[in-house]
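Residues in the sequence shown are numbered from 751 upward in steps of one, following the working numbering.
Backbone N, C-alpha and C fix where the C-beta goes; we use that ideal spot for every residue, glycine too.
Structure first, commentary second.
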Amino acid sequence: MTELFNRGELRDYLSNRAQSCLKRLEGMAEDEMLSRSIDDIALQLVNAAQLESIVIGADAIDGGVTEAKVDRYDAFDQTRYTTTVLKVHAVFECSGNADLLLYRPSEWQMRTFNADVRSGTIAVQIEAPSTPDSVATKQAIDREIGGIRKMAG
């Protein structure tokens, strides 16, 4: 799992991307610039700067459940204990530039999001008690992916 939205500010990432395109234009050889049309050069720079927005599918396309032992700390008793939980994951279709999931937007939620981002998919995981409530588990998955959708939006 990767922590999302933690590599820095999205505006800085976008600014660096635009600056990179300007440097590409400034570094272009005079012969190349004179031999191409302004529209062709502009199209090349726009394509280099353009990002495809993130779109996450409405419904999970896959998922699963695994049992795991998790160490916990009880602040009240000040003791450590091990408990058995179910790790429930759901996989959603995801398209767009995945780099956008790594940078914090200007409006963000003060919480961390973890997901497994792969080519064309994003998987979220929650922990449920060893005897899970299916409705509560679905709501927890929906809250997790919903928060990611909001931040990516």
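In the three-state scheme derived from DSSP, where H, G and I count as helix and E and B as strand, E776 is classed as helix.
The straight-line gap separating the alpha-carbon atoms of D812 and K837 is approximately 14 Å.
The straight-line gap separating the alpha-carbon atoms of V867 and L784 is approximately 42 Å. When Cβ pairs closer than 8 Å are counted between the two stretches, the region 775-791 is seen not to touch the region 879-894, the count staying below three.
Assignment of A798 by DSSP, reduced to helix, strand and coil, places it in the helix class.
Scanning the region 803-859 from its first residue to its last, the whole beta strand (DSSP E) runs of 3-plus residues come out as 805-824 and 829-845. Rounded to the nearest angstrom, the Cβ distance from T887 to I876 is 7 Å, consistent with a contact under 8 Å. Look at N766 here: in three-state DSSP terms it is helix. Per DSSP, the unbroken beta strand (DSSP E) holding R868 starts and ends at F863 to R868. Straight-line measurement puts the Cα of K900 at about 13 Å from the Cα of Y853. By the Cβ test, the region 818-826 is not in contact with the region 839-859, since fewer than three Cβ pairs between them sit closer than 8 Å.
Under the three-state reduction of DSSP output, T887 falls in the helix class. Using a 10 angstroms sphere on the CB of V841, the tally of other CB atoms reaches 16 or more, which defines it as buried. T752: member of the beta strand (DSSP E) spanning T752 to L754, first to last residue.
Counting along the chain, the unbroken beta strand (DSSP E) around P879 starts and ends at T871 to P879. Nearest neighbour of G897 by Cα position, chosen from G870, M860, L775 and I788, turns out to be M860.
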